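In the working numbering, the protein residues as written are 3 to 258. Even glycine gets a Cβ: it sits at the ideal position worked out from N, Cα and C. Note that the structure is a prediction, hence the values are computed from the model and not measured.
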Amino acid sequence: MERGRLGLVPLVEPELIEAYFRTIEQRAKRIPLQYITGKTSLGNIDVEVGPGVFVPRPETELLLAWALAFLENIDHHPPVILDLCTGSGALALAIANARPDAVVHAVELDPSALAWARRNADLRSGHGDTPITLHHGDVTARDVLTELDGTVDMIVANPPYVPEGADLDPEVIDHDPHLALFGGVDGLSVIEPMIGNIARWLRIGGSVAIEHDDTNGDEVVALLSTRRVFTEVTAHPDLAGRPRFVVAARAHPVTT
Numbered sequence: 003m004e005r006g007r008l009g010l011v012p013l014v015e016p017e018l019i020e021a022y023f024r025t026i027e028q029r030a031k032r033i034p035l036q037y038i039t040g041k042t043s044l045g046n047i048d049v050e051v052g053p054g055v056f057v058p059r060p061e062t063e064l065l066l067a068w069a070l071a072f073l074e075n076i077d078h079h080p081p082v083i084l085d086l087c088t089g090s091g092a093l094a095l096a097i098a099n100a101r102p103d104a105v106v107h108a109v110e111l112d113p114s115a116l117a118w119a120r121r122n123a124d125l126r127s128g129h130g131d132t133p134i135t136l137h138h139g140d141v142t143a144r145d146v147l148t149e150l151d152g153t154v155d156m157i158v159a160n161p162p163y164v165p166e167g168a169d170l171d172p173e174v175i176d177h178d179p180h181l182a183l184f185g186g187v188d189g190l191s192v193i194e195p196m197i198g199n200i201a202r203w204l205r206i207g208g209s210v211a212i213e214h215d216d217t218n219g220d221e222v223v224a225l226l227s228t229r230r231v232f233t234e235v236t237a238h239p240d241l242a243g244r245p246r247f248v249v250a251a252r253a254h255p256v257t258t
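What follows is the structure in structure tokens.
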């Protein structure tokens, strides 16, 4: 640039410079970028995140895409949707944004994460999205949300599924809530017991999609396939081609 034009270059505010170097320092400590910026995105929405809540991963975009494609086949009544282990509420809220006719329920066990979900739900409803209904509960408990039995068209679940002892990046192991990460020794301690609840929540013809660790896709397929109430059990890969979520349809009455 010509020396005579240097005076035309706008000066950077000292506060911006300080914020810039503070961000670099935080990232050097392996603090997640989403915690630093205070937000992340899923689908067409932004949600707020921070300490105490799991940061949605890019792989969940595929789960969202499947959900929206499935909902295209439901046009004879407002679809009823249940998001299990909702965390920040991102998946439930992204679905509500895309399908304003839907009745969306979301359940979360961790009070800290649920507080983030309530905050994001308020923000999205303030932007004009259809409000969702949030529930505090344990998705493995046999008496949770019995009022929804046989009424749900679609269930999406991104439960804790990382096997204990897995090698994780500092951004994950040091910052994501462990309650949202780990699913026992095999990564199935939440997935396995919640499948019975999924069977009773779904209406006949409804479907479920469960995200899982890339090491236990076969086990999740087997858990669903051995239940006679599920059919069309199908594994789906993530962006890297690794097993990431399993879909199944509710076909038959529950037998005891």
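Take V105 and list the residues in its own chain whose beta-carbon comes closer than 6 Å to its own, dropping the five residues that flank it on each side. Here residue 105 is taken as the residue at index 103 of the sequence shown, counted from 1. If we look at V105 and ignore the five residues flanking it on each side, its Cβ neighbours are P80 and V82.
Three-state secondary structure assigned by DSSP to R205: Here residue 205 is taken as the residue at index 203 of the sequence shown, counted from 1. Reduced to three states, the DSSP call for R205 is strand.
Under 8 Å: do the segment 238-250 and the segment 51-66 share three or more Cβ pairs, one atom per stretch? Taking 8 Å as the limit for Cβ pairs, the verdict is that the segment 51-66 does touch the segment 238-250.
8 Å Cβ shell around N46 - same chain, five flanking residues per side excluded: Residue 46 sits at position 44 when you count from the first residue of the sequence shown. Excluding sequence neighbours, N46 sits near A96, N99 and A100.
If you follow the alpha helix (DSSP H) that S43 is in, where does it begin and where does it stop? One-based indexing of the sequence shown puts residue 43 at position 41. Element bounds for S43: not the alpha helix (DSSP H) but the beta strand (DSSP E), K41 to L44.
Which residue spans inside the segment 66-144 form an unbroken alpha helix (DSSP H) run of at least 4? 92-100 and 113-128
Taking 8 Å as the cut-off, decide whether the C-beta atoms of V192 and V141 are in contact. Here residue 192 refers to the residue found at position 190 when the sequence shown is read from its first residue. Here residue 141 refers to the residue found at position 139 when the sequence shown is read from its first residue. Yes, they are a contact pair.
Are the CB atoms of L204 and I157 within a distance shorter than 8 Å? Translated into positions along the sequence shown, residue 157 becomes position 155. Translated into positions along the sequence shown, residue 204 becomes position 202. Against a cut-off of 8 Å, the Cβ pair of L204 and I157 comes out as a contact.
Between F232 and the rest of its own chain, which residues show a CB-CB distance below 6 Å, the 5 nearest in sequence each way excluded? Walking along the sequence shown from the start, residue 232 turns up at place 230. Counting only Cβ-Cβ distances below 6 Å, and skipping sequence neighbours, we find L226 and A250.
Could you check what DSSP says for P245 in three-state terms: helix, strand or coil? The residue you call residue 245 lines up with position 243 of the sequence shown. P245: strand per DSSP, three-state reduction.
Assigned secondary structure, V210 (DSSP; H/G/I helix, E/B strand, else coil): Here residue 210 refers to the residue found at position 208 of the sequence shown. It is a strand residue.
Buried or exposed: which applies to I26, given that a residue is buried once 16 or more other Cβ atoms fall within 10 Å of its Cβ? Along the sequence shown, one-based indexing puts residue 26 at 24. By the 10 Å Cβ count, I26 comes out exposed.
E85 versus G128, W118, F247 and V210, residue with shortest Cα-Cα distance: In the sequence shown, the residue the question calls residue 85 occupies position 83. One detail in the question is off: residue 85 reads as Asp in this sequence, not Glu. Comparing alpha carbon positions, the residue from G128, W118, F247 and V210 closest to D85 is V210.
Using only alpha-carbon positions, find the residue among L44, D112 and L125 that is nearest to V55. Numbered from its first residue, the sequence shown carries residue 55 at position 53. V55 has its Cα closest to that of D112, out of L44, D112 and L125.
Boundaries of the beta strand (DSSP E) in which A159 is found, first to last residue: For the purposes of this step, residue 159 is taken as the residue at position 157 of the sequence shown. Per DSSP, A159 belongs to the beta strand (DSSP E) from V154 to A159.
Taking the straight line between their C-alpha atoms, what separation do you get for E110 and P102? As a working note, residue 110 is residue 108 in the sequence shown. As a working note, residue 102 is residue 100 in the sequence shown. Straight-line Cα distance between these residues: approximately 22 Å.
Mapping the DSSP letters down to three states, classify L8 as helix, strand or coil. Your numbering for residue 8 matches position 6 in the sequence shown. With a pLDDT of only 48 at L8, under 50, the local geometry of the prediction cannot be trusted, and the value read off the model is given with reservation. Here L8 sits in helix by DSSP.
Reducing DSSP to helix, strand and coil, say where T258 ends up. Here residue 258 refers to the residue found at position 256 when the sequence shown is read from its first residue. In this prediction, T258 scores a pLDDT of 47, lower than 50, which makes its location untrustworthy; the coordinate-derived value is nonetheless stated afterwards. T258 falls in the coil class under three-state DSSP.
Using the three-state DSSP reduction, which class does E63 fall into: helix, strand or coil? Working through the sequence shown from its first residue, we reach residue 63 at position 61. Helix, per DSSP.
Could you pull out every residue in the same chain whose Cβ sits closer than 6 Å to the Cβ of Q36, ignoring the five residues on either side in sequence? For this step, residue 36 is matched to residue 34 along the sequence shown. Excluding residues within five positions, the ones whose Cβ falls inside 6 Å are T42, V51 and V57.
Classify V146: buried if its beta carbon has 16 or more other beta carbons within 10 angstroms, exposed otherwise. Here residue 146 refers to the residue found at position 144 of the sequence shown. With 16 or more other CB atoms across the displayed protein chains lying within 10 angstroms of its CB, V146 is buried.
Residues sharing a beta bridge with R230, DSSP: Mapped onto the sequence shown, residue 230 falls at position 228. Answer is none; R230 lacks a bridge partner.
Cβ separation of H107 and T135, assumed to be a contact under 8 Å, to the nearest whole Å: As a first step, residue 107 must be located in the sequence shown, where it is residue number 105. As a first step, residue 135 must be located in the sequence shown, where it is residue number 133. Going by Cβ atoms, the distance from H107 to T135 rounds to 5 Å, so yes, they are a contact pair.
Between the alpha carbons of G208 and R120, how many angstroms are there, rounded? Position 206 of the sequence shown, counted from the start, is the residue given in the question as residue 208. Position 118 of the sequence shown, counted from the start, is the residue given in the question as residue 120. Roughly 27 Å between the two C-alpha positions.
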